[in-house]
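To start, the structure itself, in structure tokens.
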Amino acid sequence: GFNPGSTLALSGGFVLLAEKVAVGTTLAAAGGGLAAICCCFIKDKHLDLPPLCNGILAGLVAVCSGVAVSEPWACFVIGIIGGFFEFGFAIAVQKMKIDDPLDAAAVHMGGGMIGMICGGLFGTRINTDAAYSTEQPCGAFMPGCGGKQLGVNVLTMIMVAIWSMGMGSIVFGSMRLAGILRISPEEEHAGLDASHHGGSAYDDGKTDPATEFEK
Numbered sequence: 001g002f003n004p005g006s007t008l009a010l011s012g013g014f015v016l017l018a019e020k021v022a023v024g025t026t027l028a029a030a031g032g033g034l035a036a037i038c039c040c041f042i043k044d045k046h047l048d049l050p051p052l053c054n055g056i057l058a059g060l061v062a063v064c065s066g067v068a069v070s071e072p073w074a075c076f077v078i079g080i081i082g083g084f085f086e087f088g089f090a091i092a093v094q095k096m097k098i099d100d101p102l103d104a105a106a107v108h109m110g111g112g113m114i115g116m117i118c119g120g121l122f123g124t125r126i127n128t129d130a131a132y133s134t135e136q137p138c139g140a141f142m143p144g145c146g147g148k149q150l151g152v153n154v155l156t157m158i159m160v161a162i163w164s165m166g167m168g169s170i171v172f173g174s175m176r177l178a179g180i181l182r183i184s185p186e187e188e189h190a191g192l193d194a195s196h197h198g199g200s201a202y203d204d205g206k207t208d209p210a211t212e213f214e215k
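Okay, so the sequence shown: first residue is 1 according to the UniProt record's numbering, each after it adds one.
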């Protein structure tokens, strides 16, 4: 998919890099799903599909930053860390009463943050040299690499967070002042499927307000 394609070449040895990236991406997805489903079982005493799917996605998100420079075992570890972090992040979002029914923030923000950190930890010198035509710093956990890459990644993560929160505050704050940020309480209670899209997405769980909107 997009990770192997990001090598942008299949000649001059880059096909081997693309193959390694594909393997690392797959292992990270497996690690993320495994971590999330284990957390789900420990917390709820049963297995559930949505946490598994979100864990897989979090593993994929987390590995994107460093998959080209990390060994397959490290990609699996990154996926596991991403899955654990996503599960905890989702619980924290719920406790803060933030409306995120798909756990998108936990998957993409949480997984992305972990990915930025892990990308600065697990990149090896040989993989970094193979992935880039110019000399680049490698991961802090690797012998002889130092912490420069980790520092750059953490600084980048902080700057992206500041920019995103700033722009988001401007856009959504303006929408709130204009009165178009949220739908009415009646529409929210009925659900957008019924109130805006002509019918419920599922046959079960209908409420009286939804039925009224459908009429």
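Note that CB positions come from ideal geometry on N, CA and C, so glycine has one too.
Just so you know, these numbers come straight off a predicted model, no measurement behind them.
- The straight-line gap separating the alpha-carbon atoms of Ala106 and Val93 is approximately 8 Å.
- Assignment of Met116 by DSSP, reduced to helix, strand and coil, places it in the helix class.
- Fewer than three beta-carbon pairs drawn from the stretch 41-61 and the stretch 6-20 are found closer than 8 Å, and the two stretches are therefore not classed as touching.
- Our two residues, Ala194 and Glu186, have alpha carbons roughly 11 Å apart in a direct line.
- In this structure, the beta-carbon distance from Met116 to Ser65 falls below 9 Å.
- Within the model, the alpha-carbon separation for Leu34 versus Leu177 is close to 43 Å.
- Looking at the backbone, the Cα of Phe76 and that of Leu27 are separated by about 5 Å.
- The alpha carbon of Gly82 has as its nearest neighbour, out of Gly119, Val154, Ile126, Val69, the alpha carbon of Gly119.
- In this model, Gly59 and Phe2 are separated by some 15 Å (Cα to Cα).
- For Phe122, the closest alpha carbon among the candidates Ser70, Ala131, Glu19, Ala36 is that of Ser70.
- For Gln149, same chain residues with a beta-carbon under 8 Å away, outside a window of 5 residues either side, are Gly119, Gly120, Gly123, Gln136, Pro137, Cys138, Gly139, Ala140 in chain order.
- By the C-beta density criterion, Pro4 is buried, having at least 16 other C-beta atoms within 10 angstroms.
- In the DSSP annotation of this structure, the continuous segment of the alpha helix (DSSP H) that includes Arg125 starts and ends at 125-131.
- By the CB criterion at 9 Å, Ala74 and Gly24 fall inside the cutoff.
- Residue environment for Val67: buried (at least 16 other C-beta atoms within 10 angstroms of its C-beta).
- With a 10 Å radius around the Cβ and a threshold of 16 neighbouring Cβ atoms, Ile37 comes out buried.
- In the structure shown, Asp48 falls within a coil segment according to DSSP collapsed to helix, strand and coil.
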